[in-house]
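To start, the structure under review is shown below, and the notes come after it.
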Amino acid sequence: MNSPNKILKSNSGKNPKRVALIHDCTAYGGLEAHILMLARYLDPARYTPLVVVPGYTDEYRSSPTRFIEEVQALGLPLLRPVDPGNNRILSYLKDVRNVRNLLKANEVDIVHIHTRRPEGARKATLSARLAGIQAVIRTEHVTPSVSIKPYSKYVIKPFDWLTNYVVTVSESNRQEQLNLLGRNPQKVYCSYGGIEIERFNPIHDVSEAKRRLGLDPALPVAGTVGRLSEEKGHTYIIRAAERVLKEYGPVNFVLVGNGPLETQLKEQIAQLGLEQYFHLVGFQSNPIPYIEAMDITLMSSLNEALGLSLLEFMAMGKPSVVTAIPSFKEILRDGESGLIVPAQDSQAFAEGILKLLHDPVLAAGLAQAALKQVRLKFTIQRMTSDIMNLYDSLLI
């Protein structure tokens, strides 16, 4: 992480500081997994996490039920302001007041906002300052190019002034924050996201994993884990599969996840006559058994701030074919720890898959290099240490 321009020291006092992790998203994905892991790995002697979700009853403005249930399952304090109503101006003011009162009542020391939009969580930022909280941080989990509006850079300026630091989960995301939004480089820091490496065992019986899923252990399996949405680029995997099946022979393709494009993707598979080889297994709370069964893992994304699924594939010792988006190029080196192909190019994607199918020695070498890289740089322990150092710097 780019270190703040202050001397860091541990908050080692007797009373842990209280951190409000404010959730600003309506879908479940990497942002939610990030919050849950951060809450679990914060040093309890130094920091006590609380999770704040919006109080709205409208599903299009509320945190997803699954996230709320997982917060509760972890035994974390869950705070939800009262729904302020529908009057646009009055509800805005009431919401700010309600969140301010909630933060004060719970004696919050640090507000850490997690959002997918550069102009998101403005009320939470204002509420934190009105509550007298001096440490306000926001993590931007999505690159701004995905959702930026012509007015975004102007809307965020007063709220950036009220924010101590903006954290990004990749350097490419940081550069977009600076170049597209004109954010202050002294206040924008990259702290790479991390995963729980210990959950992923690269030594496993792939054939047995295939049998458990009802797949033919004699056939290769290529697959991915991710929400079935446009930015994930699943359509290019399907197009690539058509060529792979023609040139190589039978290969099973496993897609783990659900989302708005599920019906459309199934129709595409049917139109190409590939139903026999594609297995859309829906959302899986534990995708590890499916990753274990994969010989080759795929990331066809058009845009990712980081890509937690890719890190999980690496931790499982899998060779990957990924698109040449900036964050993936930060994680992998083409030809050394993975194969990187142009985005939105199904032919190039097919060539990458075929290359690994025909060269198992290359595939094994890429997998080992990827495993070494993820263990070195992308652990949840390293990420949490970064964030606690940032918290510490604001409490001096």
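Heads up, the sequence shown is in the working numbering, so the first residue is 796 and it goes up one at a time.
We put the CB at the ideal spot given by N, CA and C, even for glycine.
> Do the stretch 889-899 and the stretch 919-933 make contact, defined as three or more Cβ pairs closer than 8 Å?
Replying inline: Enough Cβ pairs lie closer than 8 Å, so yes.
> Since V1020 is in the alpha helix (DSSP H), which residue starts that stretch and which ends it?
Replying inline: In the DSSP assignment, V1020 falls outside any alpha helix (DSSP H) and within the unbroken beta strand (DSSP E) covering V1016 to V1020.
> Going by the CB atoms, is the gap between I928 and N959 shorter than 8 Å?
Replying inline: No; because the gap between Cβ atoms is not below 8 Å, this pair is not in contact.
> Going by beta carbon distance, what residues of the same chain come within less than 6 Å of V1051, once the five residues before and after it are set aside?
Replying inline: Excluding sequence neighbours, V1051 sits near V1020, V1076, Q1079, P1082 and Y1085.
> Who does C820 pair with in a DSSP beta bridge?
Replying inline: According to the DSSP secondary-structure assignment, C820 is paired through a beta bridge with no residue.
> In terms of alpha-carbon separation, which member of Q972, E966 and V964 lies closest to K952?
Replying inline: Among Q972, E966 and V964, the Cα nearest to that of K952 belongs to Q972.
> So, do the stretch 1101-1120 and the stretch 1129-1139 have three or more beta carbon pairs nearer to each other than 8 Å?
Replying inline: Between the stretch 1101-1120 and the stretch 1129-1139 there are three or more inter-stretch CB-CB distances shorter than 8 Å, so the stretches are counted as touching.
> From the DSSP output, which residues share a beta bridge with N1047?
Replying inline: According to DSSP, N1047 bridges with V1016.
>> For S1132, which residues in the same chain have their Cβ closer than 7 Å to its Cβ, ignoring the five residues on either side in sequence?
In response: Within the same chain, S1132 has close Cβ partners L1161, A1164, A1165 and Q1168.
> Counting pairs of Cβ atoms below 8 Å between the stretch 1177-1190 and the stretch 994-1005, do you hit three or more?
Replying inline: As far as the Cβ criterion goes, the stretch 1177-1190 does not touch the stretch 994-1005, which means the pair count is below three.
>> Please state whether the Cβ-Cβ distance between A1110 and V1049 is less than 8 Å.
In response: No, these two residues do not count as a Cβ contact at 8 Å.
> Would you call T852 buried or exposed, if buried means 16 or more other Cβ atoms sit within 10 Å of its Cβ?
Replying inline: With a pLDDT of 49 at T852, under the threshold of 50, the modelled position of that residue is not reliable, and the figure given next carries that caveat. With fewer than 16 other Cβ atoms inside 10 Å of its own Cβ, T852 counts as exposed.
> When DSSP labels each residue in this structure, what does M796 get in the three-state scheme?
Replying inline: Residue placement at M796 is poorly supported in this model, since its pLDDT is 46, which falls under 50; the coordinates still yield a value, given next. Three-state result, M796: coil.
>> Between which residues of its own chain and V983 is the CB-CB distance below 7 Å, once the five residues before and five after are set aside?
In response: Apart from the 5 residues on each side of it in sequence, V983 sits with its Cβ closer than 7 Å to the Cβ of V961, T963, R969, Q972 and L973 in its chain, given in chain order.
> Apart from the five residues on each side of it in sequence, which residues of its chain come closer than 8 Å, Cβ to Cβ, to R875?
Replying inline: If we look at R875 and ignore the five residues flanking it on each side, its Cβ neighbours are V847, V848, P849 and G850.
> Does the distance from the CB of I1064 to the CB of Y836 come in under 8 Å?
Replying inline: Cβ distance not < 8 Å, so I1064 and Y836 don't count as in contact.
>> Just to confirm before moving on: does the CB-CB distance between F1123 and G1147 stay below 8 Å?
In response: No, these two residues do not count as a Cβ contact at 8 Å.
> Buried or exposed: where does I1191 fall if 16 or more other Cβ atoms within 10 Å of its Cβ makes it buried?
Replying inline: It is exposed - the Cβ of I1191 has fewer than 16 other Cβ atoms within 10 Å.
> Around the C-beta of L1189, are 16 or more other C-beta atoms found within 10 angstroms, so that it is buried, or is it exposed?
Replying inline: L1189 should be labelled buried.
> Where does the unbroken alpha helix (DSSP H) through I1126 begin, and where does it stop?
Replying inline: Secondary structure note for I1126: its alpha helix (DSSP H) is the uninterrupted segment P1121 to I1126.
>> Using 8 Å for Cβ pairs, my map puts V906 next to A930. What's the rounded Cβ distance?
In response: The pair is a contact, with the Cβ atoms about 7 Å apart (cut-off 8 Å).
> Looking at the unbroken alpha helix (DSSP H) that takes in A1035, where does it start and where does it end?
Replying inline: From DSSP, the alpha helix (DSSP H) with A1035 extends over H1029 to E1042.
>> Measuring alpha carbon to alpha carbon, tell me which residue in L1134, H909 and R1034 is nearest A828.
In response: Ranking the options by Cα distance to A828, first place goes to H909.
> If you compare alpha carbons, which of R1128, E1125, L1010 and L1056 is closest to F1073?
Replying inline: Comparing Cα-Cα distances from F1073 to each of R1128, E1125, L1010 and L1056, the minimum goes to L1010.
> Among the residues of its own chain, which have a CB less than 7 Å from the CB of K899, if the five just before and after it don't count?
Replying inline: In the same chain as K899, and ignoring 5 residues on each side of it, the C-beta atoms closer than 7 Å to its own belong to A926, in chain order.
>> Can you tell me which residues form a DSSP beta bridge with P844?
In response: As computed with DSSP, P844 is found in a beta bridge with V814.
> Mapping DSSP to helix, strand and coil, what is I908?
Replying inline: In the three-state scheme derived from DSSP, where H, G and I count as helix and E and B as strand, I908 is classed as strand.
> Apart from the five residues just before and just after K1027, which ones in its own chain have a Cβ nearer than 6 Å to its Cβ?
Replying inline: Here the set comprises G1021 and S1096.
> If you count every other CB in all the chains shown that lies within 10 Å of the CB of N1047, and 16 or more means buried, which is it?
Replying inline: N1047 comes out buried.
>> Let's see if you can read the secondary structure: which residues bound the alpha helix (DSSP H) around Y949?
In response: Per DSSP, Y949 belongs to the alpha helix (DSSP H) from S947 to V950.
> Quick one: is K1041 buried, meaning 16 or more other Cβ sit within 10 Å of its Cβ, or exposed?
Replying inline: Taking all protein chains shown into account, K1041 has fewer than 16 neighbouring C-beta atoms within 10 Å of its C-beta and is therefore exposed.
> At which residue ranges does the stretch 963-1016 contain complete beta strand (DSSP E) runs of 3 or more residues, listed in the order of the chain?
Replying inline: DSSP runs (the beta strand (DSSP E)) wholly in the stretch 963-1016: 983-985.
> Could you give the residue range of the beta strand (DSSP E) that holds E935?
Replying inline: Annotation for E935: the continuous beta strand (DSSP E) segment containing it runs A930 to E935.
> Nearest-angstrom Cα distance between Y987 and V903?
Replying inline: Here the alpha carbons of V903 and Y987 stand approximately 26 Å from one another.
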